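If you want my numbering, it's the 1-based position in the sequence shown plus 2.
Below is one structure, written out as structure tokens; comments come after it.
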Amino acid sequence: MTARRALITGATGFVGSRLAYRLVHDGWDVTIVVRPGSDRLLVKDFVGRLTVYEHDGTTVSMTSLVRQTGPEVVFHLASLFLSQHRASDIEPLIRSNILFGTQLLEAMAAADVRLLVNAGTSWQHYEGRAYSPVNLYAATKQAFETILQYYLETSSLRVITLKLFDTYGPGDPRPKLFHLLRRTAESRQPLAMSPGEQLIDLVHIDDVVNAFVLAAQRLASLPAGHETYSVSSGAPLRLRDLVALYEQVTGATLPITWGGRPYRPREVMTPWHDERPLPGWSPKISLEEGIRQLR
Ligand SMILES: NC(=O)c1ccc[n+]([C@@H]2O[C@H](COP(=O)([O-])OP(=O)(O)OC[C@H]3O[C@@H](n4cnc5c(N)ncnc54)[C@H](OP(=O)(O)O)[C@@H]3O)[C@@H](O)[C@H]2O)c1
Numbered sequence: 003m004t005a006r007r008a009l010i011t012g013a014t015g016f017v018g019s020r021l022a023y024r025l026v027h028d029g030w031d032v033t034i035v036v037r038p039g040s041d042r043l044l045v046k047d048f049v050g051r052l053t054v055y056e057h058d059g060t061t062v063s064m065t066s067l068v069r070q071t072g073p074e075v076v077f078h079l080a081s082l083f084l085s086q087h088r089a090s091d092i093e094p095l096i097r098s099n100i101l102f103g104t105q106l107l108e109a110m111a112a113a114d115v116r117l118l119v120n121a122g123t124s125w126q127h128y129e130g131r132a133y134s135p136v137n138l139y140a141a142t143k144q145a146f147e148t149i150l151q152y153y154l155e156t157s158s159l160r161v162i163t164l165k166l167f168d169t170y171g172p173g174d175p176r177p178k179l180f181h182l183l184r185r186t187a188e189s190r191q192p193l194a195m196s197p198g199e200q201l202i203d204l205v206h207i208d209d210v211v212n213a214f215v216l217a218a219q220r221l222a223s224l225p226a227g228h229e230t231y232s233v234s235s236g237a238p239l240r241l242r243d244l245v246a247l248y249e250q251v252t253g254a255t256l257p258i259t260w261g262g263r264p265y266r267p268r269e270v271m272t273p274w275h276d277e278r279p280l281p282g283w284s285p286k287i288s289l290e291e292g293i294r295q296l297r
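Structural data, given as structure tokens:
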């Protein structure tokens, strides 16, 4: 049997690298798109088992890469995430989250590559609204989806967008919550946090990767069009309760000053809730088990 061919953008990132590993492990023929300066640390252990293509930033380079690779499915995860932006971030945000993706769509249309799994964010839905971006990053993710509509109407593209919430798992290099908690447990230095009443929706990386694989399978039998699903734990926890659970599972006592800093502007107090999880998908790894893996 011929291996299924996948093209992955954002494969040097946390989610993309785990997805690349999973597909390689499952026997897919995988090509990843990187930039000349991409940090390849997260793929270094299995980079010999896939093809790496350096994109030079141009549409010509993207078109030639998609033509050469001829992927059956494209997984588009490349993105620049910034919780808050400065004026100097505008160009990189637009380059990574809109220009790069549009080049990819143009190249897919030119090469008649039809199946795309796209990564969106729950932050496109501040306070549960149909569209309300939490920040400029979320606005650029929405802008990309708007552009996507043009290609849906003018080519035979079929797309599933997976809206992700917070993700976590062992080996996560991003300076996110659990990273901070572990550092605090080790240093015993007091940590000022917000009042901690916001609900956090955390999904383990293995469950997130399962959602991408399942979405690719589903795409194969989908008529033309765009489906959107959320990849949610379905059981968000208050930040305070999450920290208490972390203490319980790890045995650490954390010197946290609740209310020691204010909430962020447009802090997400209640994550967006969507009734449409990806058919056939549900999270399998409990928070307790996931936290235990972090030790
Ligand atoms: N993880 C989450 O909790 C979460 C939540 C909601 C949505 N998402 C979405 O899920 C996807 C994956 O997230 P992640 O956390 O794995 O991201 P990440 O760790 O920040 O990785 C981002 C990836 O995108 C690549 N990239 C950025 N700009 C690029 C450009 N202009 N050209 C080529 N590659 C570029 C990066 O490559 P370089 O090494 O070159 O920078 C890196 O491989 C993203 O689309 C993100 O918006 C994630």
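Where is the CB? At the ideal position from N, CA and C, for every residue including glycine.
Bear in mind that the values here come from a model prediction, so they are computed numbers and not experimental data.
Going by beta carbons, T169 and F48 fall outside the 8 Å limit. With a cutoff of 7 Å, K286 does not count as near ligand 1, since its C-beta is closer than that to no heavy atom of the ligand. For M271, there is no enclosing alpha helix (DSSP H), since its DSSP letter is neither H nor E.
Around the beta-carbon of K143, 16 or more other beta-carbon atoms lie within 10 Å, marking it buried. Taken in chain order, the complete alpha helix (DSSP H) segments of 4 residues or longer contained in the stretch 53–141 are 61–71, 92–96 and 102–113. Spanning the alpha carbons of Q250 and R69 requires a straight line of approximately 52 Å. Under DSSP, L183 shares a beta bridge with no residue. Within its own chain, the residues whose Cβ lies closer than 6 Å to the Cβ of A140, once the five positions on either side in sequence are excluded, are T123, W125 and Q126, listed in chain order. If you draw a straight line from the Cα of S223 to the Cα of A132, it comes to about 27 Å.
Just so you know, the alpha carbons of G171 and E269 end up roughly 23 Å apart. Taking every protein chain shown into account, the CB of D203 has 16 or more other CB atoms within 10 angstroms, so this residue is buried. Taking all protein chains in view, the Cβ of G292 is crowded by 16 or more other Cβ atoms within 10 Å, so the residue is classified as buried.
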